[in-house]
Amino acid sequence: MARISLVTGGTRGIGAAISIALKQAGRTVVANYAGNTAAAEAFSAETGIETMRFDVGDYDQCVNAVNAIVAKHGSLDILVNNAGITRDTVISKMTRDMWDAVIDTNLGSCFNLCKAAFDGMKARKFGRIVNIGSINGQAGQYGQVNYAAAKSGIHGFTKALALEGARYSITANAIAPGYVDTDMVRAVPPDVLEKIVAKIPRGRLGKAEDIARGVVFVTADEADFITGSTLSINGGQHMY
Ligand code: NDP
Numbered sequence: 045m046a047r048i049s050l051v052t053g054g055t056r057g058i059g060a061a062i063s064i065a066l067k068q069a070g071r072t073v074v075a076n077y078a079g080n081t082a083a084a085e086a087f088s089a090e091t092g093i094e095t096m097r098f099d100v101g102d103y104d105q106c107v108n109a110v111n112a113i114v115a116k117h118g119s120l121d122i123l124v125n126n127a128g129i130t131r132d133t134v135i136s137k138m139t140r141d142m143w144d145a146v147i148d149t150n151l152g153s154c155f156n157l158c159k160a161a162f163d164g165m166k167a168r169k170f171g172r173i174v175n176i177g178s179i180n181g182q183a184g185q186y187g188q189v190n191y192a193a194a195k196s197g198i199h200g201f202t203k204a205l206a207l208e209g210a211r212y213s214i215t216a217n218a219i220a221p222g223y224v225d226t227d228m229v230r231a232v233p234p235d236v237l238e239k240i241v242a243k244i245p246r247g248r249l250g251k252a253e254d255i256a257r258g259v260v261f262v263t264a265d266e267a268d269f270i271t272g273s274t275l276s277i278n279g280g281q282h283m284y
């Protein structure tokens, strides 16, 4: 069924693979992005997927975006909160702004969009929500108190939301990727990355498509009994 789907940060990296996989699964997809218009235009031209620019950390922009999608397409059935940023450094050097940016974009966004989408899903008695967490929210990571806190928060948020959504056939699940070959990971210094890959039992970085496959699985109509779970996709690096 052409369920209407919103993928935040859906024009690059993991999000782009999720948008494409959902489209291939027969969904109507809107891919959000923050400001890289060139990448969004190239993605849209290549895939035919609609794009929508807004800041997931801004509550009003999120409400307006969800309302616009429902007005145009009639519903919002699948919400994938994928957009995320890093602002890494040790706590002694981390500024309050670095903390706020990561919490607002990675975790505040989940509240903003789930809040905006939930009542419509409830009225239609169907919803699939996927929040992209991280191995570093499960295990912690040096230089990432902001990111680890935001991602760990996503896991708790998802479980609580799953309880609220269950009676309305709204599922909420988290996916915790390990290290995936995207721009975010390419920003990690090569010597650090080499040590990380050495610790992945599967012996390689993840591919964006590895994560997208999990999203398609938990957003299927048939996945009605999968809720409140965290699906780790990390090549065996961390078993939670
Ligand atoms: P990328 O940096 O490759 O892409 C990030 C995407 O998010 C871009 O489309 C970007 O838009 C968008 N974005 C960033 N900030 C905002 C914002 N404020 N509002 C709207 N969109 C925004 O990231 P990845 O693909 O690597 O990561 C995707 C998700 O997976 C993130 O949540 C990340 O934390 C998580 N993750 C990634 C891992 C990895 O190894 N790569 C591991 C574990 C988790 P624009 O193109 O306009 O900049």
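Just so we're on the same page, our numbering is the position in the sequence shown counted from 1, plus 44.
For every residue, glycine included, the Cβ atom is placed at its ideal position computed from N, Cα and C.
All values derive from a computational prediction rather than experimental measurement.
By a C-beta neighbour count over all protein chains shown, 10 Å radius and 16 as the cutoff for buried, is residue i buried or exposed?
| i | result |
| --- | --- |
| methionine 283 | exposed |
| aspartate 148 | buried |
| leucine 151 | buried |
| lysine 122 | Checking the displayed sequence, the identity of residue 122 turns out to be isoleucine instead of lysine. Flag for isoleucine 122 reads buried. |
| phenylalanine 307 | Because residue 307 is not part of the residues shown, which for the chain are 45 to 284, the question remains open. |
| valine 73 | buried |
| threonine 81 | exposed |
| glycine 250 | buried |
| glycine 128 | buried |
| arginine 246 | exposed |
| tyrosine 191 | buried |
If you draw a straight line from the alpha carbon of residue i to that of residue j, how long is it in whole angstroms?
| i | j | result |
| --- | --- | --- |
| aspartate 225 | isoleucine 58 | 9 Å |
| alanine 231 | asparagine 278 | 19 Å |
| aspartate 144 | glutamate 238 | 30 Å |
| leucine 205 | arginine 211 | 11 Å |
| aspartate 102 | alanine 69 | 30 Å |
| lysine 67 | glutamate 253 | 13 Å |
| glycine 200 | isoleucine 270 | 16 Å |
| methionine 96 | alanine 109 | 8 Å |
| aspartate 132 | alanine 160 | 30 Å |
| arginine 47 | glutamate 90 | 21 Å |
| leucine 207 | aspartate 141 | 33 Å |
| serine 276 | isoleucine 255 | 9 Å |
| alanine 75 | aspartate 104 | 18 Å |
| alanine 218 | arginine 248 | 22 Å |
| glycine 92 | isoleucine 62 | 14 Å |
| glycine 209 | methionine 138 | 36 Å |
| aspartate 265 | aspartate 235 | 43 Å |
| threonine 202 | methionine 45 | 25 Å |
Candidates the options: which alpha carbon is nearest residue i's?
| i | options | result |
| --- | --- | --- |
| alanine 267 | Val110, Ile214 and Gly250 | Ile214 |
| isoleucine 173 | Met45, Thr274 and Ala192 | Thr274 |
| lysine 243 | Gln281, Asn76 and Phe170 | Gln281 |
| phenylalanine 162 | Asn80, Ser196, Ala89 and Val124 | Val124 |
| glutamate 85 | Gly54, Arg257 and Asp104 | Gly54 |
| asparagine 126 | Asn190, Ile198 and Gly171 | Ile198 |
| alanine 167 | Phe269, Val114 and Met138 | Val114 |
| valine 189 | Gly250, Ile135, Gly92 and Ala109 | Ile135 |
| cysteine 158 | Tyr223, Gly222 and Cys106 | Cys106 |
| methionine 165 | Lys195, Asn111 and Val146 | Asn111 |
| alanine 60 | Tyr223, Ser276, Gly79 and Phe87 | Phe87 |
| lysine 116 | Pro234, Tyr191, Asp235 and Ser49 | Ser49 |
| isoleucine 176 | Gly79, Met45, Arg71 and Gly272 | Gly272 |
| serine 153 | Arg56, Tyr77 and Thr139 | Tyr77 |
| alanine 83 | Arg56, Glu94, Arg71 and Phe98 | Arg56 |
| glutamine 185 | Ile240, Phe98 and Glu94 | Ile240 |
Compute the beta-carbon to beta-carbon distance between residue i and residue j, rounded to the nearest angstrom, for a pair I have assumed lies under 8 Å.
| i | j | result |
| --- | --- | --- |
| valine 100 | threonine 130 | Actually they do not touch by this definition, with Cβ atoms about 15 Å apart. |
| valine 262 | alanine 65 | With 8 Å as the limit, valine 262 and alanine 65 do not qualify as a contact, their Cβ atoms being about 12 Å apart. |
| alanine 216 | glutamine 182 | Not confirmed; about 17 Å, so no contact. |
| glycine 118 | isoleucine 179 | The pair is not a contact, with the Cβ atoms about 37 Å apart (cut-off 8 Å). |
| alanine 34 | valine 146 | This structure gives no information on residue 34, because the portion of the chain shown stretches from 45 to 284. |
- Task: Quick one: which unbroken beta strand (DSSP E) runs of 3-plus residues sit fully inside the segment 177–232? Chain order, please.
- Result: Correct list: 214–221.
- Message: At 4 residues or longer, what runs of the alpha helix (DSSP H) sit wholly inside the segment 70–110?
- Response: Secondary structure in the segment 70–110: the alpha helix (DSSP H) runs of 4 residues or longer, each lying completely within the stretch, are 81–91 in chain order.
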